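A.B. asks: This is the structure I want to talk about, given as structure tokens.
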Amino acid sequence: MKIAAVAAFGFFGALLRFFITENLGTMHGFPTATLFINLTGAFILGWFYTITIQRMYVHPLFRLGLGTGFLGAFTTFSTFAVEMWKLMNAGMDSTAALYVTFTVIGGLLACWIGILAGSWQAYSRRPLQRRSR
Amino acid sequence: MNLIAIGVGGLIGGLFRYLVEVLVPTPMSLPLGTITVNLIGAMLLGLIYFVADERQWPSWLRLGLGTGMIGAFTTFSTFSLELSELVARHVGLAIAYGFVSIVGGVLFVMFGEWIGGLLLGGRVVAEQEVAS
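In order, the protein sequence lines correspond to chains A and B.
End of the first sequence = 133 in UniProt numbering, gap-free, step of one.
End of the second sequence = 132 in UniProt numbering, gap-free, step of one.
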């Protein structure tokens with residue numbers, strides 16, 4: 001059942017990634033689409049895994065499906081690695097350096113902002129008497 | 001046709017990633033499962049794109065296996081989440097995790113292309129000899 005949830009959500013994650021890649025593509029050789037996909041996915045995963053623990057309780061299968069299945073398939077590491085290698089191969093070292101920095105630091109920040117947003121949302125919507133505790 | 005191939009590929013890739021994440025242990029909170037899927041995926045994508053270019057695969061096969069299956073098999077969102085958890089608890093491990101994933105990822109793409117060259121090498125050379 002868990003496997004089915006991950007697989008079914010993975011189907012749509014991969015498709016959405018393809019649509020965004022088709023429409024955003026690259027800018028002056030810089031892989032904008034993959035960066036956008038990975039940062040958005042990291043943000044949503046941080047937010048979703050936080051809010052579903054602290055406030056918005058969802059079915060465990062839905063949590064696994066959307067988190068591991070959909071967002072896991074939506075974001076991609078292999079394409080990032082291939083694009084890095086292509087940039088280095090083409091002698092575009094500064095673009096590659098920029099790309100890896102934006103991806104890793106940006107992913108970390110996006111994830112943190114997502115976790116903070118989820119915690120803040122869960123906290124601020126609690127009943128007042130519990131909040132003042 | 002392309003869309004179906006990508007969707008079905010994503011389904012299979014996500015499923016195998018889940019299996020690896022469940023089966024591979026996480027010693028000292030180091031996410032070996034994610035390292036495994038990301039490095040193996042990088043190698044396979046290097047191999048698939050190399051063979052697809054050399055053999056001029058139809059676009060549905062290239063997209064289904066590459067973008068769909070391997071793209072969904074590897075993951076960046078889980079990598080970021082695990083990295084942010086590690087940074088808060090053990091900076092040294094976090095740096096090691098990031099370094100192994102990024103540098104290893106690029107090396108494994110090169111490795112995949114090299115395997116592709118070995119697999120096709122004999123036949124490519126043979127065809128060139130026939131042509132000359």
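Each residue gets a CB set at the ideal place from its N, CA and C atoms; glycine is no exception.
All values derive from a computational prediction rather than experimental measurement.
What residues in its chain sit with their C-beta under 8 Å from that of residue 43 of chain B, if we drop five residues either side in the sequence?
C.D. replies: 108, 109, 111, 112 and 115
A.B. asks: Hey, quick one: how far does the alpha helix (DSSP H) through residue 121 of chain A stretch, first residue to last?
C.D. replies: 93 to 124
A.B. asks: Got a sec, what are the start and stop residues for the alpha helix (DSSP H) residue 34 of chain A sits in?
C.D. replies: 32 to 54
A.B. asks: How long is the line joining the alpha carbons of residue 68 of chain B and residue 83 of chain B, rounded to whole angstroms?
C.D. replies: Their backbone Cα atoms lie some 25 Å apart in a straight line.
A.B. asks: What separation, rounded to the nearest whole angstrom, lies between the Cα atoms of residue 58 of chain B and residue 108 of chain A?
C.D. replies: 37 Å
A.B. asks: Residue 26 of chain B CB to nearest chain A CB: under 8 Å?
C.D. replies: no
A.B. asks: Note down, in chain order, every chain A residue with its Cβ under 7 Å from the Cβ of residue 115 of chain B.
C.D. replies: The contacting residues do not exist; residue 115 of chain B stays about 14 Å from chain A at best.
A.B. asks: Going by DSSP in three states, residue 28 of chain B sits in which element: helix, strand or coil?
C.D. replies: helix
A.B. asks: Taking the alpha-carbon positions, what's the residue 36 of chain A to residue 64 of chain B distance?
C.D. replies: 21 Å
A.B. asks: Can you tell me which residues form a DSSP beta bridge with residue 27 of chain A?
C.D. replies: A/30
A.B. asks: Would you tell me roughly how many angstroms separate the C-alpha atoms of residue 99 of chain B and residue 2 of chain A, rounded to the nearest one?
C.D. replies: 31 Å
A.B. asks: Comparing alpha-carbon positions, which option in A/27, A/56, A/22 and A/91 lies nearest residue 124 of chain A?
C.D. replies: A/56
A.B. asks: Using the rule of at least 16 other Cβ atoms within 10 Å of the residue's Cβ for burial, across every protein chain shown, is residue 17 of chain B buried or exposed?
C.D. replies: Under this definition residue 17 of chain B is a buried residue.
A.B. asks: Go through its chain and collect everything with a Cβ distance to residue 47 of chain A's Cβ below 6 Å, but skip five positions before and after it.
C.D. replies: 114, 117 and 118
A.B. asks: Whose C-beta lies closer than 8 Å to the C-beta of residue 96 of chain A among residues of the same chain, with five residues either side of it excluded?
C.D. replies: 84, 87 and 88
A.B. asks: Got a sec: does the ligand FAD put a non-hydrogen atom nearer than 7 Å to the Cβ of residue 9 of chain B?
C.D. replies: As far as ligands go, the structure on display features none, and thus does not contain the ligand FAD.
A.B. asks: Distance, Cα to Cα, residue 71 of chain B vs residue 47 of chain B?
C.D. replies: 13 Å
A.B. asks: Within 8 Å of any Cβ in chain A, is that where the Cβ of residue 62 of chain B sits?
C.D. replies: no
A.B. asks: Give me the residue from B/96, B/60, B/101 and B/74 with the minimum Cα distance to residue 28 of chain B.
C.D. replies: B/96
A.B. asks: Using 8 Å as the limit for Cβ to Cβ distance, is residue 98 of chain A near chain B?
C.D. replies: no
A.B. asks: Which term fits residue 89 of chain B, buried or exposed, when burial requires 16 or more other beta carbons within 10 angstroms of its beta carbon?
C.D. replies: exposed
A.B. asks: Can you tell me whether residue 19 of chain A is buried or exposed, with buried defined as 16 or more other CB within 10 angstroms of its CB?
C.D. replies: exposed
A.B. asks: Show which residues of chain D have a CB atom less than 7 Å away from the CB atom of residue 17 of chain A.
C.D. replies: Any reference to chain D falls outside this structure, whose protein chains are A and B.
A.B. asks: Could you give the C-beta distance for residue 13 of chain B and residue 8 of chain A, rounded to a whole number, given that I count them as a contact under 8 Å?
C.D. replies: Not really, about 13 Å apart at Cβ, beyond 8 Å.
A.B. asks: Where in the segment 62 to 89 of chain B do unbroken runs of the beta strand (DSSP E), each at least 3 residues long, occur, reported from the N-terminal end onward?
C.D. replies: Qualifying beta strand (DSSP E) stretches: none in this window.
A.B. asks: Strictly under 8 Å for the Cβ-Cβ distance: is residue 69 of chain A near chain B by that measure?
C.D. replies: Yes, contact with chain B.
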